[in-house]
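Engineer: Okay, handing you the structure first.
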Amino acid sequence: MNGDISILIGGPAGSGVFRSGQIISKTLFRHGYHVVTNNEYPSIIRGGHQWVIVRASEEEIFSHRNYADIILALDKLTINKHRERLRENGLIVCDEGDAKIIEGEKCVSLPLKKIVSMYGAPSVAVNVVGIGAVFGLLDANIDILLRVIEESFRGKEKIAEINKSLAREGYEHVKREYGSLEDIPKVSTLKPLENKILINGNEATALGAVSGGLTFFAAYPMTPASPILHFLAEIQKELGIVVVQPESELAAINMVIGAAYTGARSMTATSGGGFSLMVEALGQAAMTEVPVVIVEAMRTGPSTGLPTYTSQSDLRFVMHASQGEFVRAVLAPGDPYEAFVLTHEAMNIAWRYHIPVIVLTDKYLAESYWTVDSFPELEPQEYKIIRGEYRNGEYKRYVITDDGVSPMAVPGTKGALIVANSSEHNEHGFGSTDPEVVTSMVDKRFRKLENLTREAEEKGVKVYGEGRVIVITWGSTKNAVLEATKNFWGVKVVQVLWLEPFPVNNVANALEGAERVLVIENNKTGQLVSLLKEKLLLEPDGFLGKYDGRPFLPEEIEEWITGFMEG
Amino acid sequence: MVDVRKFDTGRMPVWCPGCGNFGILMAVRKALAELELEPENVVLVTGIGCHGRMSEYVKVNTFHTIHGRVLPLATGIKLANPDLTVIGHSGDGDAYAIGMGHLPHAARRNIDITLIVHNNMIFGLTTGQATPTTPYGRKTRSTPYGNPEHPLNPLHLALASGATFVARGFSADVEHLKELIKKAIRHRGFAFVDVIQPCVTFFNTYKFFRERVYKLEDTDHDPSDFRAALDLVTRNEEKIPIGVIYQTERPVFELQFQHAMNPPPARRLSAIRDLSKILARFR
Chain G
1 MNGDISILIG GPAGSGVFRS GQIISKTLFR HGYHVVTNNE YPSIIRGGHQ
51 WVIVRASEEE IFSHRNYADI ILALDKLTIN KHRERLRENG LIVCDEGDAK
101 IIEGEKCVSL PLKKIVSMYG APSVAVNVVG IGAVFGLLDA NIDILLRVIE
151 ESFRGKEKIA EINKSLAREG YEHVKREYGS LEDIPKVSTL KPLENKILIN
201 GNEATALGAV SGGLTFFAAY PMTPASPILH FLAEIQKELG IVVVQPESEL
251 AAINMVIGAA YTGARSMTAT SGGGFSLMVE ALGQAAMTEV PVVIVEAMRT
301 GPSTGLPTYT SQSDLRFVMH ASQGEFVRAV LAPGDPYEAF VLTHEAMNIA
351 WRYHIPVIVL TDKYLAESYW TVDSFPELEP QEYKIIRGEY RNGEYKRYVI
401 TDDGVSPMAV PGTKGALIVA NSSEHNEHGF GSTDPEVVTS MVDKRFRKLE
451 NLTREAEEKG VKVYGEGRVI VITWGSTKNA VLEATKNFWG VKVVQVLWLE
501 PFPVNNVANA LEGAERVLVI ENNKTGQLVS LLKEKLLLEP DGFLGKYDGR
551 PFLPEEIEEW ITGFMEG
Chain E
568 MVDVRKFDTG RMPVWCPGCG NFGILMAVRK ALAELELEPE NVVLVTGIGC
618 HGRMSEYVKV NTFHTIHGRV LPLATGIKLA NPDLTVIGHS GDGDAYAIGM
668 GHLPHAARRN IDITLIVHNN MIFGLTTGQA TPTTPYGRKT RSTPYGNPEH
718 PLNPLHLALA SGATFVARGF SADVEHLKEL IKKAIRHRGF AFVDVIQPCV
768 TFFNTYKFFR ERVYKLEDTD HDPSDFRAAL DLVTRNEEKI PIGVIYQTER
818 PVFELQFQHA MNPPPARRLS AIRDLSKILA RFR
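Here the protein sequences line up with chains G and E, keeping their order. Mapping of the first sequence onto the working numbering: position 193 corresponds to residue 193, and the numbering continues sequentially without gaps. So the number in the working numbering is just where the residue sits in the second sequence, counting from 1, plus 567.
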């Protein structure tokens, strides 16, 4: 299979599908493979159907594909739902009881349930026997697998031991019974990947904030952003961070604004519904010039929508949310490495311009794993923050300045009293309705845009490859686009990372000489398309949207682009 | 003699002559002065409503926030820097209508802040609509045929939510209110002070309350007795008690975050963090 393997594991909610996905991913990663994943699950705790696909390759890959080489089916439903995706020579690994519905040659049937009960383990452990079987078929290094299982059950030695035995049973069973199968893919132990990590978007976002100096985090649970809360809650003691789960998103964002007002680098994370509740306070952060970072992990809307499915349909929403006009930044990473760097950057921007910054991710990025470069050491930056003592005479929180940024003292600073005001105000912070004062304050705040736009131009666009057919995209959709365009000659990919302020000049530069401009994004209306029309007066030659809750598959993009290549 | 002017911004209040807010403003300034607090170590958070102007008249750090969000904002401030004295001011609309979702949670967390509710039982700034504490049957601009809703009992709610300090004051008795506010600020934990305050323009209750309030200090009420406190705030009587209704001790919320308090988030200077140990998990 040319060192490229896709494994799908499926079963009802509560059967350990996600943990299986993680164990399989990590084991392949430790064999020296580049690994990417994707998952799908409904918003329920038990029953239903969920699955994870893990793709591993000897070469750099960007996204999963539709097909699978091995399906580890924890129930019959998985077999029925996914058997069509099996590639030639592919196999379904399942319990002997479920095997009856499959034609013989495609099936690797094991007494999964019997093995588990033989060990007196709970029935949920069948997945581990199955994982052992999968790696047995792949002729993988069992020591790597057992080590990963041990780490997966860290702190629960007894459970870890049982699971290791179960995996070994599965592994040896298929070696014994199916050892002679020749067409099945094999995994080799490659040179370990230097300086790479296997991480999902949420974890990377959390670490980006930590690297950006995070000391205060408040968030209300909402899929798909909750894992950021979980991860930060877990590492809060190690890093000395206050992590709070308050009564609502209204409380979360206002706690974050309160903390930031005192000088604490703060963040909250939510999805579209929670962000809707935060909108009034977003405007407050802008008006009071308190630096805050909000992560918005998009899911399919509107309303409750598809709570556990992906989307890129909140771009225009976060760009324009709140009454009034003000400066904000919207950054959209496409993979975990970018999530780390851009969230770090978001913290810095917030604390250099004293504005709200939104990091826009999505469920696909948030919950899927990628093999990326390990994260660099980056420096937290701030600008015009006064701590300790103020000696320049009378302190005015909103003093008019050339670059629009007023020195921000924090409460407790000797010689300064900080008057923050969500009402329009004068330089002192006291309410004012004077037309001249109002105009000068709005202008002051908007002067931040000049330097901010310069940064957007510098950092906001990435270009991949060369060609006259240009695919322009943003966020996690870049992965399927990069995967698909691997196979095309003469296609250039442009990714916009800063959506607000929009890097007009550099997007224009990147599009220079284009014969065709094609836009691909995970929404119905083409929100980046509308930005290109608005900012560059550009009418793209094609737009491929998708709004069924699923991320793009490279296959879909390949087929679509082919039409433009021939024409 | 303490200097009250230390806490005066010198700005002329824009409240109606005779507004109950004047009494609360005086009481707060005096309390801060008598407690010998330094203005730069105090943060006053105000919501939306006539009370919101307090942040322009008390010379400390202030944050005039949006409608209803005084408590989460004040909670964030206190958690990020527990060295600050944090006082929230809210109105009955701000605290009991739009911001009600926060009150029980601040109380049960026992965050060490003080909440002073300017309770005039009417929306003043929006020119006289009913609030959750407007009496049943009261005609207001939004209830021209009489308020169809029964009023909320904020003291009962605060007690039920686990507030460790519950008190009621009267804006027309500044000295008494000042003492209450001092006790509330000194209290370690969530201190809730509901202040009865007449609105001279839309709901003038001076006469009504003057005739009915009595001081708990003049009775044998024991503020450490939770049952007695519950009985006091739910008893159906003509007279209206003011003073400390309930006070107890419970560890404050900030103590749960000692791992992050050395120094607290507000004073942590940003430096490059060594992530190598955490990143090792992802290898």
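We put the CB at the ideal spot given by N, CA and C, even for glycine.
So, tyrosine 369 of chain G versus leucine 198 of chain G, is the Cβ gap smaller than 9 Å?
Structural biologist: Indexing the first sequence from 1 puts residue 369 of chain G at position 369. Indexing the first sequence from 1 puts residue 198 of chain G at position 198. Yes; because the gap between Cβ atoms is below 9 Å, this pair is in contact.
Engineer: Using 9 Å as the limit for Cβ to Cβ distance, is phenylalanine 630 of chain E near chain G?
Structural biologist: Reading the second sequence from its first residue, position 63 is the one you call residue 630 of chain E. Phenylalanine 630 of chain E counts as touching chain G.
Engineer: So if I threshold CB-CB distances at 7 Å, which residues from the stretch 645-673 of chain E count as touching chain G?
Structural biologist: The residues in question are Leu646, Ala647, Asn648, Asp650, Leu651, Gly668, His669 and His672.
Engineer: Taking C-beta pairs closer than 7 Å, name the residues in chain E that isoleucine 257 of chain G reaches, listed in chain order.
Structural biologist: Within the first sequence, the letter at position 257 stands for residue 257 of chain G. Leu640 and Gly643, listed in chain order.
Engineer: Take threonine 633 of chain G and list the residues in its own chain whose beta-carbon comes closer than 7 Å to its own, dropping the five residues that flank it on each side.
Structural biologist: Since the first residue shown for chain G is 1 and the last is 567, residue 633 of chain G is missing from the structure and cannot be characterised.
Engineer: Determine the direct distance from the alpha carbon of methionine 621 of chain E to that of leucine 842 of chain E, and round the result to whole angstroms.
Structural biologist: For the purposes of this step, residue 842 of chain E is identified with residue 275 of the second sequence, where counting begins at 1. For the purposes of this step, residue 621 of chain E is identified with residue 54 of the second sequence, where counting begins at 1. Rounded to the nearest angstrom, the two C-alpha atoms are 45 Å apart.
Engineer: Could you tell me the alpha carbon to alpha carbon distance between glutamate 601 of chain E and valine 569 of chain E, rounded to whole angstroms?
Structural biologist: For this step, residue 601 of chain E is matched to residue 34 along the second sequence. For this step, residue 569 of chain E is matched to residue 2 along the second sequence. Going from the Cα of glutamate 601 of chain E to the Cα of valine 569 of chain E covers about 6 Å.
Engineer: Looking at C-alpha atoms only, which residue of G:Ala297, G:Leu91, G:Val116 and G:Asp541 is the closest neighbour of serine 6 of chain G?
Structural biologist: Residue 6 of chain G sits at position 6 when you count from the first residue of the first sequence. Measuring from the Cα of serine 6 of chain G, the nearest candidate turns out to be G:Leu91.
Engineer: Specify, as a first and last residue, the run of the alpha helix (DSSP H) that glutamate 40 of chain G falls within.
Structural biologist: Walking along the first sequence from the start, residue 40 of chain G turns up at place 40. Segment 34-40 is the beta strand (DSSP E) holding glutamate 40 of chain G; no alpha helix (DSSP H) there.
Engineer: Would you list, in sequence order, the uninterrupted alpha helix (DSSP H) runs of no fewer than 4 residues that lie entirely inside the stretch 478-545 of chain G?
Structural biologist: Correct list: 504-511 and 527-536.
Engineer: Report the rounded CA-to-CA distance for valine 242 of chain G versus glycine 635 of chain E, giving the unit in angstroms.
Structural biologist: Taking the first residue of the first sequence as 1, we reach residue 242 of chain G at position 242. Taking the first residue of the second sequence as 1, we reach residue 635 of chain E at position 68. The alpha-carbon atoms of valine 242 of chain G and glycine 635 of chain E are separated by roughly 24 Å.
Engineer: Only counting the same chain, and skipping five residues up and downstream in sequence, which positions put a Cβ closer than 6 Å to that of serine 117 of chain G?
Structural biologist: Stepping through the first sequence from its first residue, residue 117 of chain G is reached at position 117. Nothing meets the Cβ criterion.
Engineer: Is the CB-CB distance between tyrosine 178 of chain G and valine 108 of chain G below 9 Å?
Structural biologist: Your numbering for residue 178 of chain G matches position 178 in the first sequence. Your numbering for residue 108 of chain G matches position 108 in the first sequence. Yes, the Cβ-Cβ distance between tyrosine 178 of chain G and valine 108 of chain G is below 9 Å.
Engineer: Quick check on DSSP: helix, strand or coil for cysteine 617 of chain E?
Structural biologist: Locating residue 617 of chain E in the second sequence gives position 50, counting from the first residue. Helix.
Engineer: Need the endpoints of the beta strand (DSSP E) that proline 356 of chain G sits in, please.
Structural biologist: Walking along the first sequence from the start, residue 356 of chain G turns up at place 356. Start and end: 356-362.
Engineer: Going by beta-carbon coordinates alone, are tyrosine 337 of chain G and glycine 274 of chain G separated by less than 9 Å?
Structural biologist: By 1-based counting over the first sequence, the position of residue 337 of chain G is 337. By 1-based counting over the first sequence, the position of residue 274 of chain G is 274. No. Outside cutoff.
Engineer: Could you name the residues of chain G that isoleucine 633 of chain E contacts, counting a contact when the two beta carbons are closer than 7 Å?
Structural biologist: For the purposes of this step, residue 633 of chain E is identified with residue 66 of the second sequence, where counting begins at 1. Going along chain G in sequence order, the residues near isoleucine 633 of chain E (Cβ under 7 Å) are Glu280, Ala281, Gln284 and Ser422.
Engineer: Answer with buried or exposed for isoleucine 654 of chain E, where buried requires no fewer than 16 other C-beta atoms within 10 angstroms of its C-beta.
Structural biologist: One-based indexing of the second sequence puts residue 654 of chain E at position 87. Isoleucine 654 of chain E should be labelled buried.
Engineer: Is lysine 633 of chain E near glycine 32 of chain G, with beta carbons less than 9 Å apart?
Structural biologist: Mapped onto the second sequence, residue 633 of chain E falls at position 66. Mapped onto the first sequence, residue 32 of chain G falls at position 32. In the sequence as presented, lysine is not what sits at residue 633 of chain E; that position holds isoleucine. Not closer than 9 Å, so no.
Engineer: Just list the residues that DSSP pairs arginine 55 of chain G with in beta bridges.
Structural biologist: Counting from one through the first sequence, the residue named residue 55 of chain G turns up at place 55. Note: arginine 55 of chain G sits in a beta bridge opposite G:Ser6 and G:Val36.
Engineer: At a Cβ threshold of 9 Å, is asparagine 829 of chain E touching chain G?
Structural biologist: In the second sequence, the residue the question calls residue 829 of chain E occupies position 262. Taking Cβ atoms only, chain G reaches closer than 9 Å to asparagine 829 of chain E, which makes this a yes.
Engineer: For aspartate 98 of chain G, which three-state DSSP category applies?
Structural biologist: The residue given as residue 98 of chain G occupies position 98 in the first sequence. Coil.
Engineer: Can you give me the start and stop residues for the beta strand (DSSP E) that glutamine 22 of chain G sits inside?
Structural biologist: By one-based count along the first sequence, residue 22 of chain G stands at place 22. Element bounds for glutamine 22 of chain G: not the beta strand (DSSP E) but the alpha helix (DSSP H), 17-30.
Engineer: Assign leucine 646 of chain E to buried or exposed, taking buried as 16 or more other Cβ atoms, counted over all protein chains shown, within 10 Å of its Cβ.
Structural biologist: For the purposes of this step, residue 646 of chain E is taken as the residue at position 79 of the second sequence. Burial call: buried.
Engineer: Jot down the residue ranges of each uninterrupted alpha helix (DSSP H) in the stretch 101-131 of chain G, minimum 4 residues, whole runs only, in chain order.
Structural biologist: You should have 112-118.
Engineer: Taking leucine 722 of chain E and alanine 594 of chain E to be in contact with their CB atoms under 8 Å, please state how far apart those CB atoms are, rounded to whole angstroms.
Structural biologist: In the second sequence, residue 722 of chain E corresponds to position 155, counting from 1. In the second sequence, residue 594 of chain E corresponds to position 27, counting from 1. Their Cβ separation, rounded to whole angstroms, is 19 Å, which puts leucine 722 of chain E and alanine 594 of chain E out of contact at 8 Å.
Engineer: Please list, in chain order, the chain E residues whose beta carbon lies closer than 9 Å to that of glutamine 236 of chain G.
Structural biologist: Counting from 1 along the first sequence, the entry for residue 236 of chain G is found at position 236. Going along chain E in sequence order, the residues near glutamine 236 of chain G (Cβ under 9 Å) are Phe824, His826 and Ala827.
Engineer: Does at least one heavy atom of the ligand ADP sit under 8 Å from the Cβ of tryptophan 560 of chain G?
Structural biologist: For the structure depicted, the ligand ADP is absent and the ligand set is empty, with no information on it obtainable.
Engineer: Using the Cβ count rule (16 or more neighbours within 10 Å means buried), how would you classify glutamine 22 of chain G?
Structural biologist: Translated into positions along the first sequence, residue 22 of chain G becomes position 22. Glutamine 22 of chain G is buried by the Cβ-count criterion.
Engineer: Can you list, in chain order, the residues of its chain with a C-beta nearer than 6 Å to that of alanine 125 of chain G? Leave out the 5 residues immediately preceding and following it.
Structural biologist: One-based indexing of the first sequence puts residue 125 of chain G at position 125. Hits under 6 Å: Val116 and Leu166.
Engineer: Between the beta-carbon of alanine 754 of chain E and the beta-carbon of threonine 681 of chain E, is there less than 9 Å?
Structural biologist: Translated into positions along the second sequence, residue 754 of chain E becomes position 187. Translated into positions along the second sequence, residue 681 of chain E becomes position 114. Alanine is not the amino acid found at residue 754 of chain E; the sequence shown has histidine there. Yes, Cβ-Cβ distance for histidine 754 of chain E and threonine 681 of chain E is below 9 Å.
Engineer: Mapping the DSSP letters down to three states, classify tyrosine 663 of chain E as helix, strand or coil.
Structural biologist: The count along the second sequence starts at 1 and reaches residue 663 of chain E at position 96. Of the three classes helix, strand and coil, the one that applies to tyrosine 663 of chain E here is helix, per DSSP.
Engineer: Give a yes or no on whether 9 Å exceeds the smallest Cβ distance from proline 832 of chain E to chain G.
Structural biologist: Here residue 832 of chain E refers to the residue found at position 265 when the second sequence is read from its first residue. It does: the Cβ of proline 832 of chain E has a partner Cβ on chain G nearer than 9 Å.
Engineer: Let me confirm a value: phenylalanine 793 of chain E is counted as buried when at least 16 other C-beta atoms fall within 10 Å, else exposed. Which label applies?
Structural biologist: By 1-based counting over the second sequence, the position of residue 793 of chain E is 226. It counts as exposed.
Engineer: Please list the terminal residues of the continuous alpha helix (DSSP H) segment that includes glutamine 236 of chain G.
Structural biologist: Numbered from its first residue, the first sequence carries residue 236 of chain G at position 236. From DSSP, the alpha helix (DSSP H) with glutamine 236 of chain G extends over 226-239.
Engineer: Considering only C-alpha positions, which residue in the set G:Met319, G:Glu150 and G:Leu207 is nearest to alanine 366 of chain G?
Structural biologist: For the purposes of this step, residue 366 of chain G is identified with residue 366 of the first sequence, where counting begins at 1. The shortest Cα separation from alanine 366 of chain G among G:Met319, G:Glu150 and G:Leu207 belongs to G:Leu207.
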